[in-house]
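K.L.:
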Ligand code: GDP
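Numbering (the UniProt record's numbering), first residue to last: 19 to 322.
#1: Report buried or exposed for residue 105, applying the criterion of at least 16 other Cβ atoms within 10 angstroms of its Cβ.
#2: Can residue 196 and residue 183 be called in contact, C-beta distance under 9 Å?
#3: May I ask whether a heavy atom of the ligand GDP can be found less than 8 Å away from the beta carbon of residue 144?
#4: Please go through the segment 46-72 and give each complete alpha helix (DSSP H) segment of 4 or more residues, from N-terminal end onward.
#5: Sorted by chain position, which residues of the same chain lie with C-beta nearer than 7 Å to residue 11's C-beta, five sequence neighbours on each side aside?
#6: For the beta strand (DSSP E) that residue 206 lies in, which residues bound it at each end?
#7: Classify residue 244 as helix, strand or coil using the three-state DSSP reduction.
#8: According to the Cβ coordinates, are residue 19 and residue 36 closer than 9 Å?
#9: Find the nearest neighbour of residue 145 within the set 283, 267 and 114, judged by alpha-carbon distance.
#10: Whose C-beta lies closer than 7 Å to the C-beta of residue 95 among residues of the same chain, with five residues either side of it excluded?
#11: With DSSP collapsed to three states, give me the class of residue 99.
#12: Would you kindly work out how many angstroms separate the C-alpha atoms of residue 243 and residue 73, rounded to a whole number?
#13: Inspect the beta-carbon positions of residue 129 and residue 274 and report whether they are closer than 9 Å.
#14: Hey, how far is the Cα of residue 15 from the Cα of residue 269?
#15: Does the ligand GDP have even one heavy atom less than 8 Å from the beta-carbon of residue 312?
So, in structure tokens, the structure goes:
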């Protein structure tokens, strides 16, 4: 399974260190917990979430007096499962089906290179395959080739892409995409946006403007704002989550590139810290490697 393969490095990092930490020790004590804390932080679970997990295990140790190191795996698994259980991850296509909203407008945000185009492609083809009429808006007018990449992709799958070329106003692309979707009674509009984090005021203004013009047609839109984060950047993904949630109302997360990194803990930390559901994870370059996030499968795969 590609999930198992994709999480291999994270798993390796976590458990090789953990088994080293408990070598020759039968009891979970302060020293073991200190080691565990370091291991979780180095897997990019994030300080806040790590401290939360350690506190809970400490309470357990205090209550049970003796906790064997051989139980530590299972305890950690339970704690992580419990943290993730608070993540209301429902597939966006399911949310759309239940909503009766048409067109359902999804704005996709994130910095360049994180896998935005791949994620849009995946989402669009999911909707398309389910028989929905989809329109894409090529609103990343800033990055060279972003528009072409999306157009090429649309052609391949047979989905219209609204574009005004490079260096044009992303809000005007969004406006046209939603206008056409309303006129043509499309089911779903997916709008790409440019992610320039180096100028936070610009980013905020740009995303706000896109929202404003979309709301001229549909006051409730966008119905989803999907933030795409590159999991392999570890703490940078946390920083990006912070900046984008400040700039706009993010409703869903996709965390990509978990394959080839030992930083898979970001999924646990970001989900816990931001209380925004992780809906997709990317575990490879192929379109089928972007998977609907399933908490149970994720934990199972990590502790297999
Ligand atoms: P964008 O600049 O945000 O639109 O990013 P793209 O969708 O073009 O992706 C950037 C690069 O990352 C491409 O080469 C993708 O194939 C690759 N990529 C995207 N998601 C993943 C993933 O989950 N794993 C790996 N290994 N590569 C990915």
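No residue lacks a Cβ here, since even glycine has one placed at the ideal position from N, Cα and C.
P.N.:
With the structure as the only source:
#1: buried
#2: no
#3: no
#4: 48-60
#5: With the chain represented from 19 up to 322, any question about residue 11 goes unanswered, as that position is not in the structure.
#6: 206-210
#7: strand
#8: no
#9: 114
#10: 317 and 321
#11: helix
#12: 33 Å
#13: no
#14: The displayed coordinates of the chain run from 19 to 322. Any statement about residue 15 would go beyond what the structure contains.
#15: no
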